[in-house]
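Chains as they are written, first to last, in the working numbering: chain A, 1 to 265; chain B, 1001 to 1358.
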């Protein structure tokens, strides 16, 4: 696994952004964000709406290209790599707005992710059903996210909460080194939230993974995060242990001050 | 089921229809021995394969190409020019295949890598431009292609009507080179359709559907979609070229009107939509319905018009006059799109496509 074992010893996985910036016309959505993420640590990225959290995610996973700055992953500069290449390198991403294959079945959605992870790209000489290994793996993942009984349903027919779970299942199927959750519980009903939180907690137990989480709900952040970074107007304004960050004046003003209701949540 | 690549028709009516079409095509030389019936049957075979290959693009990847007749034409002209220049022998047929397929493949590869990176509309425009250029080229380079007149040629000895294998008194018709050619066309078309079924139901084919559904997400899963789309474009182009070769062999001729024109492109589009996009089976149904209507609707209308006139019904004889057949074909098409928006096959399967139907 240690692709960066340059000196013959096992080095830990690293993900780092350096002065990462993107401009849309005159608007600077992410402004010189330098931050490095360590394995075994769940970092929550918080900030008011429009702070640039999702844009920051898009820059890391390759859906957007940086105007300036760089991204280093596992010892390699991936700033110029396309999204598919970054995924293959081990950056997994679950999207905020549900982003699935709507008319394909739930199982097929996950099976396609498993197929991508196993590198089955151009196999056109046998029926897909002959690859029972891919189907079995997909089914195992669906059981983990409690969607095992919805396998044959078209993704578009799922409830919103189930679609979010499927989104997470797709990322898990990629077996990434970095998990990027973008508001995984947004729009979920109260009873659906624990399934996803348990999943993330379970992923945390594997200390070789980096987990990034964009989240609005402060109770979720408190219970899961080992570290919080705060983005405000595209800038990194705070970085530290959850208790410190939440107590810091800049966060009270920049984030919690704007939406005081959330601090009590 | 293995031969259908694990994707059975999933509807009794559809299965029955397909079996009837297959049997009718198989038996055509014996039950409808006329030249016209044979021509229509051969055209149904060839177009079923051609339309199926177009379905791989339109129905499975969602890319609209206007260059499909170009590849069809490349196949037709490759055979025609080779046999015209090298004489009626099998070496010439082999030379035609050896020249035509790589040319189709290279063009498809170039178009794909160049234009499938970006939005679908760009691919459509590029294919339109390249196909127009090719059409002009084919009619201008008359020393090579015969220009507007096209190229007629002689078939190898074995495939000529004069070559009789079984005399007439055995089955009521003489089994000659023409019938052998028909069965070659039938078998080759069937093989191509089975091959396409295999492709669309392979792990690769599932990725194509994923790209059609949500290309952005497919890329986020790690699929480099431009290569998948280009690959599909190449497969479709090669099958189209092969269908063009069969067309040339059957007609003993290749010209702009029979293999390159945009009206054929429209016919292909209509057939794929009538039959049902993204099913492959739809190509067989679409080709059969469309070509039967095109060839027999006029005769049917003539009879109906005469009957109406005889019965003294006003207006009807004029409406049903054979000259109005295009009007009726158009109405038939509008009706079929309106009532079967997912095509005949989609309607018969009658499910909102869970695609992974196990």
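Think of the CB as a built atom: it goes at the ideal place given N, C-alpha and C, for glycine as much as any other residue.
Checklist entry - Using Cβ-Cβ distances below 7 Å, what residues of the stretch 89-121 of chain A are close to chain B? => result 93, 99, 100, 101, 102, 103, 104, 105, 107, 108, 112, 113, 115, 116, 120, 121
Checklist entry - Taking DSSP as the reference, what is the three-state secondary structure of residue 19 of chain A? => result Looking up residue 19 of chain A in the first chain gives position 19. Strand, per DSSP.
Item to check | Proximal chain A residues relative to residue 1205 of chain B, where beta-carbon distance stays under 8 Å | outcome: For the purposes of this step, residue 1205 of chain B is taken as residue 205 along the second chain, with counting starting at 1. Chain A residues near residue 1205 of chain B: 124, 128.
Checklist entry - Can you name the residues of chain B whose CB is closer than 9 Å to the CB of residue 184 of chain A? => result As a position in the first chain, residue 184 of chain A is number 184, starting the count at 1. Correct list: empty, because the minimum Cβ distance to chain B is about 16 Å.
Checklist entry - Should residue 1012 of chain B go down as buried or exposed, given a rule of 16 or more other Cβ atoms within 10 Å for buried? => result One-based indexing of the second chain puts residue 1012 of chain B at position 12. Residue 1012 of chain B is exposed by the Cβ-count criterion.
Item to check | Between the CA atoms of residue 1340 of chain B and residue 1334 of chain B - distance to the nearest angstrom | outcome: Against the second chain, residue 1334 of chain B aligns to sequence position 334. Against the second chain, residue 1340 of chain B aligns to sequence position 340. One C-alpha to the other measures close to 10 Å.
Next on the checklist: Per the DSSP calculation, residue 94 of chain A is bridged to which residue(s)?
Outcome noted: Taking the first residue of the first chain as 1, we reach residue 94 of chain A at position 94. DSSP, once it has assigned bridges, lists A:181 as partnering residue 94 of chain A.
Next on the checklist: Here's the rule: buried if 16 or more other CB atoms are within 10 angstroms of the residue's CB, otherwise exposed. What is residue 182 of chain A?
Outcome noted: Within the first chain, numbered from 1, the residue matching residue 182 of chain A stands at position 182. Looking at its Cβ environment, which holds 16 or more other Cβ atoms inside 10 Å, residue 182 of chain A is buried.
Checklist entry - Among residues of its own chain, excluding the 5 on either side of residue 13 of chain A, which ones have a beta-carbon nearer than 7 Å to its beta-carbon? => result For the purposes of this step, residue 13 of chain A is taken as residue 13 along the first chain, with counting starting at 1. Hits under 7 Å: 39, 74, 177, 208, 210.
Next on the checklist: Could you compute how far the alpha carbon of residue 1015 of chain B sits from the alpha carbon of residue 1004 of chain B?
Outcome noted: Here the question's residue 1015 of chain B lines up with position 15 in the second chain. Here the question's residue 1004 of chain B lines up with position 4 in the second chain. When rounded, the distance between both Cα atoms is 12 Å.
Next on the checklist: Assuming contact is defined by CB atoms lying nearer than 9 Å, are residue 113 of chain A and residue 1221 of chain B in contact in what I supplied?
Outcome noted: Along the first chain, read from residue 1 onward, the residue named residue 113 of chain A stands at position 113. Along the second chain, read from residue 1 onward, the residue named residue 1221 of chain B stands at position 221. For residue 113 of chain A and residue 1221 of chain B, yes; Cβs fall inside 9 Å.
Item to check | Unbroken stretches of the alpha helix (DSSP H), 4 residues or longer, contained in the stretch 1176-1215 of chain B | outcome: 1177-1200, 1203-1213
Checklist entry - Checking contacts by CB at 9 Å: is residue 1321 of chain B closer than that to chain A? => result Position 321 of the second chain holds residue 1321 of chain B. No, because no Cβ of chain A sits closer than 9 Å to the Cβ of residue 1321 of chain B.
Checklist entry - Rounded to a whole number of angstroms, what is the C-alpha to C-alpha distance between residue 151 of chain A and residue 1344 of chain B? => result Translated into the one-based positions of the first chain, residue 151 of chain A becomes position 151. Translated into the one-based positions of the second chain, residue 1344 of chain B becomes position 344. The straight-line gap from Cα to Cα measures roughly 27 Å.
Item to check | As assigned by DSSP and simplified to three states, the class of residue 1163 of chain B | outcome: Mapped onto the second chain, residue 1163 of chain B falls at position 163. Three-state DSSP puts residue 1163 of chain B in coil, outside helix and strand.
Next on the checklist: Looking only at its chain, what residues have a beta carbon closer than 7 Å to the beta carbon of residue 189 of chain A, apart from the 5 residues adjacent to it on each side?
Outcome noted: Looking up residue 189 of chain A in the first chain gives position 189. Excluding positions up to five away in sequence, the list reads 161.
Checklist entry - Which term fits residue 260 of chain A, buried or exposed, when burial requires 16 or more other beta carbons within 10 angstroms of its beta carbon? => result The sequence position of residue 260 of chain A within the first chain is 260, counting from 1. For residue 260 of chain A, the predicted model reports a pLDDT of 45, less than 50, meaning its position is unreliable and no value from the coordinates is stated.
Item to check | Status (buried if at least 16 other CB within 10 Å, exposed otherwise) for residue 77 of chain A | outcome: Within the first chain, residue 77 of chain A is the residue found at index 77, counting from 1. Burial call: exposed.
Item to check | Between the CA atoms of residue 1126 of chain B and residue 1218 of chain B - distance to the nearest angstrom | outcome: Taking the first residue of the second chain as 1, we reach residue 1218 of chain B at position 218. Taking the first residue of the second chain as 1, we reach residue 1126 of chain B at position 126. If you take the alpha carbons of residue 1218 of chain B and residue 1126 of chain B, they lie about 24 Å apart.
Next on the checklist: Could you check whether the Cβ of residue 1119 of chain B sits closer than 9 Å to any Cβ belonging to chain A?
Outcome noted: On the second chain, residue 1119 of chain B is found 119 positions in, with the first residue counted as 1. For residue 1119 of chain B, the answer is no, since every Cβ of chain A falls outside 9 Å of its Cβ.
Item to check | When A:171, A:124, A:24, A:156 are compared against residue 144 of chain A, the one with the closest alpha-carbon | outcome: Locating residue 144 of chain A in the first chain gives position 144, counting from the first residue. Nearest option by C-alpha distance: A:171.
Checklist entry - Short check: CB of residue 173 of chain A to CB of residue 102 of chain A, under 9 Å? => result One-based indexing of the first chain puts residue 173 of chain A at position 173. One-based indexing of the first chain puts residue 102 of chain A at position 102. No. Outside cutoff.
Next on the checklist: Under 9 Å, Cβ to Cβ, is there at least one residue of chain B near residue 131 of chain A?
Outcome noted: Residue numbering aside, residue 131 of chain A sits at position 131 when the first chain is read from its first letter. Yes, its Cβ sits closer than 9 Å to a Cβ of chain B.
Next on the checklist: Based on DSSP bridge pairs, tell me the residues matched to residue 1032 of chain B.
Outcome noted: For this step, residue 1032 of chain B is matched to residue 32 along the second chain. Answer is none; residue 1032 of chain B lacks a bridge partner.
Item to check | C-alpha distance - residue 1252 of chain B paired with residue 1332 of chain B, whole-angstrom precision | outcome: Here the question's residue 1252 of chain B lines up with position 252 in the second chain. Here the question's residue 1332 of chain B lines up with position 332 in the second chain. About 32 Å.
Checklist entry - Just checking my contact of residue 231 of chain A with residue 53 of chain A at CB under 8 Å: how many whole Å lie between their CB atoms? => result Working through the first chain from its first residue, we reach residue 231 of chain A at position 231. Working through the first chain from its first residue, we reach residue 53 of chain A at position 53. Contact flag correct, Cβ pair sits at about 6 Å.
Checklist entry - Does the beta carbon of residue 1235 of chain B come closer than 9 Å to any beta carbon on chain A? => result One-based indexing of the second chain puts residue 1235 of chain B at position 235. Closer than 9 Å to some Cβ of chain A, the Cβ of residue 1235 of chain B qualifies, so yes.
Item to check | Proximal residues, the stretch 1221-1254 of chain B versus chain A, C-beta separation under 9 Å | outcome: 1221, 1222, 1223, 1224, 1225, 1227, 1228, 1231, 1235
Checklist entry - Should the stretch 1046-1055 of chain B be called in touch with the stretch 1231-1242 of chain B, which here means at least 3 C-beta pairs below 8 Å? => result yes
Next on the checklist: Short of 7 Å in beta carbon distance, which residues of its chain neighbour residue 1105 of chain B, apart from the five on each side in sequence? Order them along the chain.
Outcome noted: Counted from its first residue, the second chain places residue 1105 of chain B at position 105. Excluding sequence neighbours, residue 1105 of chain B sits near 1234, 1237, 1238.
Checklist entry - Secondary structure at residue 159 of chain A, three-state DSSP: helix, strand or coil? => result For the purposes of this step, residue 159 of chain A is taken as the residue at position 159 of the first chain. DSSP places residue 159 of chain A in coil when its eight states are reduced to three.
Item to check | Coarse secondary structure for residue 232 of chain A, derived from DSSP in three states | outcome: In the first chain, counting from the first residue as 1, residue 232 of chain A sits at position 232. Correct three-state label for residue 232 of chain A: strand.
Next on the checklist: Rounding to the nearest angstrom, what Cα-Cα distance links residue 98 of chain A and residue 122 of chain A in this structure?
Outcome noted: Reading the first chain from its first residue, position 98 is the one you call residue 98 of chain A. Reading the first chain from its first residue, position 122 is the one you call residue 122 of chain A. Cα to Cα, residue 98 of chain A sits roughly 27 Å from residue 122 of chain A.
Checklist entry - Looking at C-beta atoms only, is the number of pairs between the stretch 1255-1273 of chain B and the stretch 1062-1078 of chain B that lie closer than 8 Å three or more? => result yes
Item to check | Interface residues of chain A facing residue 1282 of chain B [CB-CB closer than 8 Å] | outcome: Counting from 1 along the second chain, the entry for residue 1282 of chain B is found at position 282. Near residue 1282 of chain B there are no residues of chain A at all, since even the closest Cβ is about 17 Å away, more than 8 Å.
Checklist entry - Going by Cα to Cα distance, which pick from B:1313, B:1009, B:1226, B:1066 is closest to residue 1114 of chain B? => result Along the second chain, read from residue 1 onward, the residue named residue 1114 of chain B stands at position 114. Answer by Cα proximity: B:1226.
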